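Worksheet for the structure shown next.
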Amino acid sequence: MLRGDLSLLGTGLSLGWSFGLGSLEELARTALELENGIYRTGSLRRVGPRVGFRLENPPIRIGAFRAVEVAWDGTKLPATAAWVATDHRPELRVLASISESDPVRLETGEGSRFELAPPGGPVPGPHRVRVDWHCRAVPPMTWLEFVDRIEEREGP
7 MLRGDLSLLG TGLSLGWSFG LGSLEELART ALELENGIYR TGSLRRVGPR
57 VGFRLENPPI RIGAFRAVEV AWDGTKLPAT AAWVATDHRP ELRVLASISE
107 SDPVRLETGE GSRFELAPPG GPVPGPHRVR VDWHCRAVPP MTWLEFVDRI
157 EEREGP
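Residues in the sequence shown are numbered from 7 upward in steps of one, following our numbering.
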């Protein structure tokens with residue numbers, strides 16, 4: 007992991023040296039805007055015995071994903087303990103059912119809704135969530151990670 011972090015740091019320094027520090031600042035700002043446009047802070051909610059959240063996809067074609075994985079507080083959840091629905095396929099489906107022949111398809115600007123059954127249930131407080139989408143295209147994996155709090159109240 008440290009090698010990847012140092013490689014990223016080296017690449018960032020190289021960009022800063024070649025194009026100026028303003029380019030790095032703009033790149034970081036764009037990444038933060040994109041992340042904030044996908045996950046809305048404060049939307050992590052208890053949904054009965056599960057945890058739920060919604061992702062809004064940017065106005066670009068995303069693609070078909072042959073696998074989706076979710077980690078909760080750094081621990082990968084079993085594919086039988088997480089569900090996803092999309093705007094065009096609104097029924098929740100367990101991640102274990104996703105395959106190359108029956109992928110999760112996300113079209114331009116289409117959102118998705120997740121429900122998770124984390125170990126210990128939906129405990130109030132801050133939690134780190136990571137979603138990995140796997141496809142055949144380049145890059146073969148896309149991911150989003152965020153930290154948010156589950157509040158005491160339930161929500162959609």
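C-beta atoms are modelled at their ideal positions from N, C-alpha and C, and glycine is treated no differently. All values derive from a computational prediction rather than experimental measurement.
| Query | Result |
| --- | --- |
| Extent of the continuous beta strand (DSSP E) run through Pro132 | Gly131 to His140 |
| 3 or more residues per run - each beta strand (DSSP E) lying fully within the stretch 91-122 | 110-112 and 118-122 |
| Residue interval of the beta strand (DSSP E) (run including Arg52) | Arg51 to Val53 |
| Same chain, Cβ closer than 6 Å to Ala123, five either side skipped, listed in chain order | Arg56 and Ala87 |
| Euclidean distance between Cα positions of Pro146 and Pro130 | 34 Å |
| Coil, strand or helix - Ile156 by DSSP | strand |
| Contact set for Glu151: own chain, Cβ-Cβ below 6 Å, skip 5 residues either direction | Arg136 |
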